[in-house]
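*Asks:* Please find one structure pasted underneath; my questions will follow.
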Amino acid sequence: MDDKRLEERLHLLKDSYERIPSEMDVDAILNKIEEAPQVNEKKNKGTKWQRVTVWAVSIASVFIIGVLSADYLEGGGIKNSQNKQEELERTDDLIEYAKSLKDQYEKEREKRRQVLDIPAKDFKTLSFVQQADGFASSIDYFSKQTYESNYYTSKDRYKELFEKAVNNIHLPSEMVGDVLKQQEKLDEAKTSQFFNSYYSKIIDLKIYFNQKQNVTKKQVVSLEAEGLYLENGKFHFNGDDNYLAHKAFLAPPVAGYLEMLEQEPYTYAGELVYSLEDSVAAMLMFENSLLESFDYYSNISTMKAYYTEIFHAVVKGTQDQSIYGDDGKVKEEYRQLWKAMMSQTSNSPVNYILTPIVKEFEASNWRKSDSWESLNYGDVDDALHLAINGDLGQFIENPPSGKNETSVDDNFVQRVHALYKLFAGTHDQTVLKDAKPEEIVGLYYYCAQLGDKETKYELYIKDDQYQQIPKEEYMKAPHQKITDFRKEFSSLHFEQRSDKEGYVVLTLHPDRTLYMHDEVIGFAVIHTENGWRAAFMPTQ
Amino acid sequence: MHNSGMIERAQKGDKKAYAELIQIHHRTVEKFAYQCGVKANDLPDVTQEVFVKLYRFLPQFKHERFTTWLYKITLNATRDYYRKETREKAKEEKLTRNVTTSYCTKSAEDRILVFEEDQELHKAIQSLDEKYRHPIILFYFHELSYVQISEVLNVPISTIKIRLLRAKGHLKTALEMNGGTEHGR
Chain S
1 MDDKRLEERL HLLKDSYERI PSEMDVDAIL NKIEEAPQVN EKKNKGTKWQ RVTVWAVSIA
61 SVFIIGVLSA DYLEGGGIKN SQNKQEELER TDDLIEYAKS LKDQYEKERE KRRQVLDIPA
121 KDFKTLSFVQ QADGFASSID YFSKQTYESN YYTSKDRYKE LFEKAVNNIH LPSEMVGDVL
181 KQQEKLDEAK TSQFFNSYYS KIIDLKIYFN QKQNVTKKQV VSLEAEGLYL ENGKFHFNGD
241 DNYLAHKAFL APPVAGYLEM LEQEPYTYAG ELVYSLEDSV AAMLMFENSL LESFDYYSNI
301 STMKAYYTEI FHAVVKGTQD QSIYGDDGKV KEEYRQLWKA MMSQTSNSPV NYILTPIVKE
361 FEASNWRKSD SWESLNYGDV DDALHLAING DLGQFIENPP SGKNETSVDD NFVQRVHALY
421 KLFAGTHDQT VLKDAKPEEI VGLYYYCAQL GDKETKYELY IKDDQYQQIP KEEYMKAPHQ
481 KITDFRKEFS SLHFEQRSDK EGYVVLTLHP DRTLYMHDEV IGFAVIHTEN GWRAAFMPTQ
Chain H
541 MHNSGMIERA QKGDKKAYAE LIQIHHRTVE KFAYQCGVKA NDLPDVTQEV FVKLYRFLPQ
601 FKHERFTTWL YKITLNATRD YYRKETREKA KEEKLTRNVT TSYCTKSAED RILVFEEDQE
661 LHKAIQSLDE KYRHPIILFY FHELSYVQIS EVLNVPISTI KIRLLRAKGH LKTALEMNGG
721 TEHGR
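Right, here's the structure in full:
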């Protein structure tokens, strides 16, 4: 076992530790603190002279307290007691409010328990229920504290905790229902948030019911509504029509994660569980998800591991399935599969790794390849890592031929995505210094797709010589809505008009939703010390 | 609100601020304690112990990194737990022999590490000597830097680097000896 493999397993184990249950009781801790003797109670009594000083200070304190108390009795204290009365009334009101929320939560919780038909003692052990209970118990805890006017003891805070508790107790089918009801496409951050919660609930229910000896009919029916089907005595996730419908409202990278939830495991003891073709299809889907998404998904390391394992099994073969036939040559099915994989991808680990392998095998009449001999899991991991960071293109042997026209394909989107990752977090203008004008325009539309107005604004020219739009005005203005900019534009190329100015000419896609009356549009760009930037109203 | 503000308020005796601190940091404590060998069913007790101790020593907390301090206290609590656990092991074995394991007791562990590979690696980490186990846990599961690990464990940075290397070597040997599957979950 090499270092990389060990580290990969450590990362996977790290993810599994997320399932550690939490039964933490804040009240019990605080009660224990109240009961426990304080460390500083055990004080050193000090020398004789120190003790005399302490006595002297104590006597002086009695006089000072006396003076202060007199002032309190003369009026200040009355005011304070009035305030206290008001505070007490407000406290009662808050306690009442907290209690009503807690009762409401208990009802919501019980409804879900009954739907799943799980005994109360087991229900509370499910991790999503524990999380929800945690939020609900926080309401209880804060309401028992002495009133002190701040955010932590306000109705808003209680409401927020209540909503978190109820959202956590929602069953997977309800989560899907909520997405469908809103009829609004979730951006990637919200999609991954949705998916992480959805995934953990599905896994929770699957594990719980798969461990049970007897499952009732009622439980089978209610689990079917959650997308879990009983087959050969075990529950499996299987998306139905509802699931397919809600996928349309989520950001595209989620497709790979949902596929994984439904079909895993893909490998078992190094062997492929599915056919070669199905395994490759899943692998390419994972590649899209990994290269197009940000690290928001909680099970990203599992997806990377499957990608590497499938890739390795498909290219190197396995113990049960050798790539070589009886004649000592690579089997026809592998040759065709590898070529099909290469034709479907461009700036990907597939091209990086398979191009030299196929070339060498072809040169030896499909008998030998040194690159194939030396290929290991680490090489696939490295290539995937470079591709995710957008750095793989420079290592690929035969990059796409240098035509002026750039296709708006997965390759281009990956380059733009890599630029977005570099730029969006900091808006550091210098990171875009070497970006091509086509990439800047791609980035502009990619920001529109993500709904990131801030970053899109930062792509405009900031030079006083040119017309600019104030940020506040820009943020308030209506903005173009794009679902997928690959469906808006087919290709683009740059035409330079002078040292400082030029146009990126965009050829529009037949299925576009924007610029309906044109076939091509020009996008004005201006050169700055930090590279090309969008002109004010660039497509006018 | 940032940790520092809450810590200051908690130091002044504000229990609500302390409750917020608990809410923020309890998962770190639970995970770290479990990774150090505390059983899932004992986690609530150990977590409680950590936060009670933490509160008692709160007035002494100055400018140290709060999480470093939290890890130190958790580490001591798990060591106490180990000592107690060893003393009571024989007694517990006698008791559990006659009792059928319930859903809660048996599956609490099984539900955390559902994959055989994870169970195998977790076990291998548990069997490491403490001086190797703790750096591995802090580096890979809590993403602490060498400097932070050296602060938590009170050991020079160079020693931490060597221990991490050796720990990985021990783990690889243990996994290869077990003949566990390397791939697929």
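First to last, the sequence lines map onto chains S and H. Using the numbering used here, the first residue of the first sequence is number 1, and each one after it goes up by one. Using the numbering used here, the first residue of the second sequence is number 541, and each one after it goes up by one. Heads up, the beta-carbon is just placed ideally off N, CA and C, and yes, glycines get one too.
Between which residues of its own chain and residue 318/S is the CB-CB distance below 8 Å, once the five residues before and five after are set aside?
*Replies:* Hits under 8 Å: 270, 271 and 272.
*Asks:* Counting beta carbon pairs with one atom in the stretch 162-170 of chain S and one in the stretch 101-119 of chain S, are three or more of them shorter than 8 Å?
*Replies:* Yes: the two stretches touch, three or more of their Cβ pairs being nearer than 8 Å.
*Asks:* If I'm right that residue 431/S touches residue 525/S with Cβ under 8 Å, what's the distance once you round it to whole angstroms?
*Replies:* Incorrect: roughly 17 Å between the Cβ atoms, too far for contact.
*Asks:* Whose C-alpha, out of 343/S, 256/S, 279/S and 259/S, is nearest the C-alpha of residue 267/S?
*Replies:* Minimum Cα distance to residue 267/S is reached at 279/S.
*Asks:* Please tell me whether, using a cut-off of 8 Å, the distance from the CB of residue 15/S to the nearest non-hydrogen atom of the ligand MG is below it.
*Replies:* This structure simply doesn't include the ligand MG, nor any ligand for that matter.
*Asks:* Under 8 Å: do the stretch 473-487 of chain S and the stretch 509-519 of chain S share three or more Cβ pairs, one atom per stretch?
*Replies:* As far as the Cβ criterion goes, the stretch 473-487 of chain S touches the stretch 509-519 of chain S, which means the pair count is three or higher.
*Asks:* If contact is defined by three or more beta carbon pairs under 8 Å, each pair taking one atom from either stretch, is the stretch 552-563 of chain H in contact with the stretch 577-585 of chain H?
*Replies:* No, they do not touch.
*Asks:* Excluding the 5 residues preceding and the 5 following residue 400/S in the sequence, name in chain order all residues of the same chain whose CB lies nearer than 8 Å to its CB.
*Replies:* With a pLDDT of only 44 at residue 400/S, under the threshold of 50, the placement of this residue in the model should not be trusted, and no figure is reported.
*Asks:* Select from 449/S, 426/S, 331/S and 29/S the residue whose C-alpha is nearest the C-alpha of residue 416/S.
*Replies:* The option with the nearest alpha carbon to residue 416/S is 449/S.
*Asks:* Per DSSP, which residues does residue 545/S bridge with? Please list them.
*Replies:* The requested residue 545/S is not part of the displayed model; chain S covers only 1 to 540.
*Asks:* Ignore the nearest five residues each way along the sequence and tell me which others in residue 630/H's own chain have a CB closer than 7 Å to its CB.
*Replies:* Residue confidence is low: residue 630/H scores 49 on pLDDT, short of 50, so the model does not pin down where it sits. Its coordinate-derived value is still stated next. The answer is none, since no qualifying residue turns up.
*Asks:* Could you give the residue range of the alpha helix (DSSP H) that holds residue 372/S?
*Replies:* Start and end: 370-374.
*Asks:* Run through DSSP, which three-state label would residue 407/S get?
*Replies:* It is a strand residue.
*Asks:* In angstroms with no decimal places, state the Cα-to-Cα distance between residue 140/S and residue 27/S.
*Replies:* Approximately 9 Å, taken between the alpha carbons.
*Asks:* Quick one: residues in its chain with C-beta nearer than 8 Å to the C-beta of residue 288/S, no 5 flanking neighbours on either side, listed in chain order?
*Replies:* These residues qualify, in order along the chain: 252, 253, 255, 256 and 410.
*Asks:* Is residue 690/H helix, strand or coil when you go by DSSP?
*Replies:* If DSSP states are grouped into helix, strand and coil, residue 690/H belongs with the helices.
*Asks:* Would residue 19/S count as contacting chain H if we go by Cβ distances under 9 Å?
*Replies:* It does; some Cβ of chain H falls within 9 Å.
*Asks:* Would you mind telling me which residues of chain S sit closer than 8 Å to residue 592/H, beta carbon to beta carbon, in chain order?
*Replies:* Under the 8 Å cutoff, chain S gives 29, 32, 33 and 36.
*Asks:* Contact between the stretch 682-697 of chain H and the stretch 648-660 of chain H is defined here as three or more beta-carbon pairs at a separation below 8 Å; is this criterion met?
*Replies:* Counting Cβ pairs under 8 Å, fewer than three are found: no touch.
*Asks:* By Cβ distance, which residues of its chain are closer than 6 Å to residue 414/S, with the 5 residues on each side in sequence left out?
*Replies:* Around residue 414/S: 291 and 347.
*Asks:* Beta carbon of residue 597/H, beta carbon of residue 569/H: below 9 Å?
*Replies:* Not in contact: residue 597/H and residue 569/H (Cβ atoms no closer than 9 Å).
*Asks:* Can you confirm whether residue 617/H, when its beta carbon is compared against all beta carbons of chain S, has any partner nearer than 9 Å?
*Replies:* Answer no: the Cβ-Cβ gap between residue 617/H and chain S never drops below 9 Å.
*Asks:* Quick one: what does DSSP say residue 230/S is sitting in, helix, strand or coil?
*Replies:* Correct three-state label for residue 230/S: strand.
*Asks:* Step through the CB atoms of chain H and report whether any lies within less than 9 Å of the CB of residue 12/S.
*Replies:* Judged by the 9 Å Cβ criterion, residue 12/S is in contact with chain H.
*Asks:* Would you please verify whether the beta carbon of residue 668/H is less than 9 Å from any beta carbon of chain S?
*Replies:* Chain S, which has no Cβ nearer than 9 Å to the Cβ of residue 668/H, makes this no.
*Asks:* How big is the Cα-Cα spacing for residue 383/S and residue 9/S?
*Replies:* Near 19 Å, if we compare the C-alpha coordinates of residue 9/S and residue 383/S.
*Asks:* Given this structure, state the Cα-to-Cα distance separating residue 704/H from residue 672/H, to the nearest angstrom.
*Replies:* Going from the Cα of residue 704/H to the Cα of residue 672/H covers about 7 Å.
*Asks:* Can you confirm whether the stretch 489-505 of chain S touches the stretch 517-531 of chain S when touching is taken to mean that 3 or more C-beta pairs between the two stretches lie within less than 8 Å?
*Replies:* As far as the Cβ criterion goes, the stretch 517-531 of chain S touches the stretch 489-505 of chain S, which means the pair count is three or higher.
*Asks:* Are residue 550/H and residue 586/H closer than 9 Å when you measure CB to CB?
*Replies:* Their beta carbons are not under 9 Å apart, which means residue 550/H does not touch residue 586/H by this criterion.
*Asks:* Could you tell me whether the Cβ atoms of residue 547/H and residue 606/H are closer together than 9 Å?
*Replies:* Result yes, Cβ atoms of residue 547/H and residue 606/H sit closer than 9 Å.
*Asks:* Tell me the residue span of the beta strand (DSSP E) that contains residue 525/S.
*Replies:* Residue 525/S -> beta strand (DSSP E) spans 520-528.
*Asks:* Just how far apart, CA to CA, sit residue 101/S and residue 188/S?
*Replies:* One C-alpha to the other measures close to 32 Å.
*Asks:* Please say whether residue 285/S and residue 314/S have beta carbons closer to each other than 9 Å?
*Replies:* Not closer than 9 Å, so no.
*Asks:* With H, G and I counted as helix, E and B as strand and the rest as coil, what does DSSP make of residue 271/S?
*Replies:* Note: residue 271/S maps to strand in three-state DSSP.
*Asks:* Which residues, in order along the stretch 700-717 of chain H, keep a beta-carbon less than 8 Å from a beta-carbon of chain A?
*Replies:* No chain A is part of this structure, whose protein chains are labelled S and H.
*Asks:* Can you name the start and end residues of the alpha helix (DSSP H) that residue 157/S belongs to?
*Replies:* Looking at the DSSP string, the run of the alpha helix (DSSP H) that includes residue 157/S is 155-169.
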